[in-house]
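Enquirer: Before I ask anything, let me first share the structure, which is written out below as structure tokens.
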Amino acid sequence: MHGAKSKSLAFTGVLLGCLEMVFSANTAPDIPVIDQAYSKLSNSITVEWRAVPGATNYMLTAQDGDSFVEAIVKNSPGTVTGLKPATLYRITVRSIGSGGKSQPSPFRKVKTVLAAPILSVRSPSCDSIAVSWKAVPMAAGFSVSLMRSDGLGRVLKQNTTNTSLIFTNLDPGTLYTIKAYAWNANGMPGDDFTYNQRTIPCAPVNISIEEDEPGHLLVSWSSVSLCHYYVVFVKSDDGLEVHCNTSHTQCHFQSDCGFTYFISVFAYNKAGQSPPGDVLNYTTAPCCPGDFRAVFVSSDTVRVAWAPVRGADLYETRAAGGNGALLCRDTAAACTLSALQCGTPYNITVRSFSEARGSSASCAPHCVPTAPCSPEIKNISKEGPSVISVQWQANNEEAMYVVTARGEAGLWQCTSTRNSCSLMDLPCGSAFSVSAIARSAAGQSLPSYSVPLETAPCCPSDLILTQVTQSVTNISWSVGRGAQTYVTTLESPKGQAKCHTLQTYCLLGCITCGTNYTVSLRAISETGLTSSCTYQGYSSSACCPSGVKLYRLSNNGIRVFWRASDETINYNADLHGSKGNFSCTPSSGLSHCDITRIPCGDVYTVLVAPVTNKGPQLSFCPKKIYSVTCSGSSVGMVIYRGKSNAKHI
């Protein structure tokens, strides 16, 4: 019994030892102790701790309220990333071993540093750089430094609580490096931001303008250092602007009469545009007035009007004829000449004046005969393809005016109590005579002078193209109403074919085979009005082969050989004789095909032509005549007899 008890105690000891070993092997490592935790970047915190025996990894946890970020590291120090800037976090560390994870260490509170300000940098002048940024949360101030990127010169540094500043007294056209960071209320700096910016060049000086010849302006200036190129902007007083891009110090521009031009010159480098230099202006002499119109108010009074001229400060109207001359000076673009003789021609000249450049060049006179009083059409203008606006001088406020357009196409009318109305839906290709009358309670006036009006001719409704030979195409079309002549054009990158004809058809030569053409037609009236008509494109046929020959084969056959104009074209060979007709088509890309067991002792007409997808085989390819004799073998010799004399249509 005693021996059994000893064995039992020994077994129990061994079992307890094994359980202790198992328990020890499955126990988590000790809890780490944080030595220090700090933030050097706005999105991370670095933690340092003492190593724990048995730990293979460590888990770092940064907690911000209910959210947290974890990171697994091998040893100390370790960093948790992906954090928010300027935010207070509770930092803990757990050791990880084969037995699992330890409890978290006592926490440390660490705040991430401020985020870097995002800079917006520009060079407003050739010696300054402006820096701005958006506000950084919890920032008490900002530090911005600037220095030349080549290391020359000194570092300029400014501290500020604003969100923008300007560095001045810099070198033009020079590259600078800008660095900036924010600090918090404790003076701790945050992340920094780096940006490179070049100052713009200085504005050009000594700008001069001269009109070296009529219609041409020469702009020149002094050279600017550290400038890559110049751009000259010339803006006329009507808002139109042109520019010249050059590396030289002068530019030429075209000019028109009666315009004031404003010229500015900018220098450019990689940083951009310099400030504007002196803005100069130059005024050219005014033009002679155009769009001259004369409207009779009565038998002895005429009102002259014209289109206003750019740059004119004053107009002088002189009427010479009859018993003497009349003079009118006014700033308005119209003048009324009274006490004129009825039925007398007057030479009326209008000149323009400007204070900057004096009078316009010699202006041609306009001959205006006086006439009896009647409604006078003042202006006819086209408002649309089939809408015509008619204006006249209204002499009676109570009158109803009727405008009539008469022509072969019919009669159109419009009425108005004012001084204008519109004729609607006028057909194309038609000629009209337009006149106006006034109706009132007292009666009807005599008709005004008739004004001719012609609408553009109609486009033909259809157009047909037929290829006659390899280089000639026939074009025919239907009649376009109002058209006297037609211009048809076939155009391709290889050339153009055109004909101008009175007929409704024409032959166009010099057509290139196997080519896509654009087809257009212009219908032209007797007075030169034109309608441009475009039709569906046209593709000429593939080119005919050359060098067609026949060779005898040993198997009582004939081989037809030719030289192809294009390897991508498929051809078909036809042999016509009194004993039968034969044909063959080779595989794609081959330039020969064979016909077996062809009867000898016959004359064959041979035609090799491209295969088309538009219908029958082309008939205008050249035909050759060969004689196949029966002497010498079962097939015999093949003898060339010349070309066929068949006519091509």
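Under my numbering, the first residue of the sequence shown carries the number 219, and numbering increases by one thereafter.
Ideal Cβ positions, reconstructed from N, Cα and C, are used throughout, including at glycine.
Compute the Euclidean distance between the alpha carbons of Val-586 and Cys-469, then round it to the nearest angstrom.
Expert: Computed Cα separation, rounded: 45 Å.
Enquirer: Tell me the rounded alpha-carbon separation between Gln-491 and Ser-438.
Expert: 18 Å
Enquirer: Using the Cα positions of Thr-684 and Gln-714, report the straight-line distance between them to the nearest angstrom.
Expert: Approximately 17 Å between the Cα atoms of the pair.
Enquirer: Would Trp-780 pass as an interface residue toward chain C - the criterion being a Cβ-Cβ separation below 9 Å?
Expert: No chain C appears in this structure, which consists of one protein chain only.
Enquirer: Contact between the segment 418 to 437 and the segment 455 to 475: three or more CB pairs below 8 Å?
Expert: yes
Enquirer: For His-466, tell me which candidate among Tyr-448, Thr-392, Leu-278 has the shortest Cα-Cα distance.
Expert: When Tyr-448, Thr-392, Leu-278 are compared, the shortest CA-CA separation from His-466 is found for Tyr-448.
Enquirer: Tell me where the beta strand (DSSP E) around Lys-453 begins and ends.
Expert: 447 to 454
Enquirer: What ranges does the beta strand (DSSP E) occupy inside the segment 474 to 535, keeping only unbroken runs of at least 3 residues that lie completely in it?
Expert: 478 to 487, 498 to 501, 508 to 516, 519 to 525
Enquirer: Please specify which runs of the beta strand (DSSP E), each continuous and at least 3 residues long, are wholly inside the segment 404 to 446, giving them in chain order.
Expert: Those beta strand (DSSP E) runs which fall completely within the segment 404 to 446 and span 3+ residues are 407 to 416, 426 to 431, 434 to 438.
Enquirer: Can you give me the Cβ contacts of Glu-266 inside the same chain, cut-off strictly under 6 Å, excluding the 5 residues immediately before and after it?
Expert: Asp-253, Gln-254, Ser-294, Pro-295
Enquirer: Between which residues of its own chain and Pro-247 is the CB-CB distance below 8 Å, once the five residues before and five after are set aside?
Expert: Val-270, Pro-271, Gly-272, Ala-273, Ser-313, Ile-314, Gly-315, Gly-317, Ser-320
Enquirer: With a threshold of 16 other CB atoms inside 10 Å of the CB of Pro-675, please say whether the residue is buried or exposed.
Expert: When all chains shown are included, Pro-675 counts as buried.
Enquirer: Within a Cβ cutoff of 6 Å, which residues of the same chain sit near Ala-348, ignoring the five residues on either side of it in sequence?
Expert: Arg-340, Pro-342, Ile-384
Enquirer: Are the beta-carbon atoms belonging to Arg-868 and Cys-546 less than 9 Å from one another?
Expert: There is no way to answer for residue 868, as the model of the chain reaches only from 219 to 867.
Enquirer: I'd like the ranges of any alpha helix (DSSP H) spanning at least 4 consecutive residues and lying wholly in the segment 240 to 280.
Expert: none
Enquirer: Can you have a look at Gly-798 and say buried or exposed, based on whether 16 or more other CB atoms are within 10 angstroms of its CB?
Expert: exposed
Enquirer: What distance in whole Å lies between the Cβ atoms of Pro-828 and Ile-787, which are believed to be in contact at a cut-off of 8 Å?
Expert: So it is a contact: roughly 5 Å between Cβ atoms.
Enquirer: Determine contact between the segment 567 to 585 and the segment 520 to 540, defined as no fewer than three beta-carbon pairs at a distance below 8 Å.
Expert: Verdict: yes, contact present.
Enquirer: Is the segment 281 to 291 touching the segment 354 to 366 in the sense that three or more CB pairs, one from each, lie closer than 8 Å?
Expert: no
Enquirer: Under the three-state reduction of DSSP, which class applies to Tyr-564: helix, strand or coil?
Expert: Residue state, collapsed to three classes: strand.
Enquirer: Can you pull the DSSP bridge partners for Ser-651?
Expert: Arg-624, Pro-670
Enquirer: Provide the residue(s) that pair with Asp-812 in DSSP beta bridges, ordered along the chain.
Expert: Arg-777
Enquirer: State the DSSP-derived secondary structure class of Ala-589, mapped to helix, strand or coil.
Expert: Per-residue confidence for Ala-589 stands at a pLDDT of 41, beneath the threshold of 50, marking its modelled position as unreliable; the derived number appears in the next sentence. Coil at Ala-589, not helix or strand.
Enquirer: Is the distance from the Cβ of Lys-453 to the Cβ of Phe-411 below 9 Å?
Expert: no
Enquirer: Decide if the segment 775 to 790 is in contact with the segment 817 to 828; the criterion is three or more beta carbon pairs, one per stretch, under 8 Å apart.
Expert: yes
Enquirer: Can you look up Arg-569 in the DSSP assignment and give me helix, strand or coil?
Expert: strand
Enquirer: Just to confirm the assignment, what range does the beta strand (DSSP E) spanning Gln-721 have?
Expert: Judged by DSSP secondary structure, Gln-721 falls outside any beta strand (DSSP E); it is assigned neither H nor E.
Enquirer: Name the residue from Thr-464, Leu-458, Asp-456, Asp-455 whose alpha carbon lies nearest to the alpha carbon of Cys-445.
Expert: Thr-464
Enquirer: Return helix, strand or coil for Tyr-753, following the three-state DSSP convention.
Expert: coil
Enquirer: Would you kindly work out how many angstroms separate the C-alpha atoms of Ser-796 and Lys-767, rounded to a whole number?
Expert: 20 Å
Enquirer: Taking the straight line between their C-alpha atoms, what separation do you get for Thr-847 and Asp-792?
Expert: 19 Å
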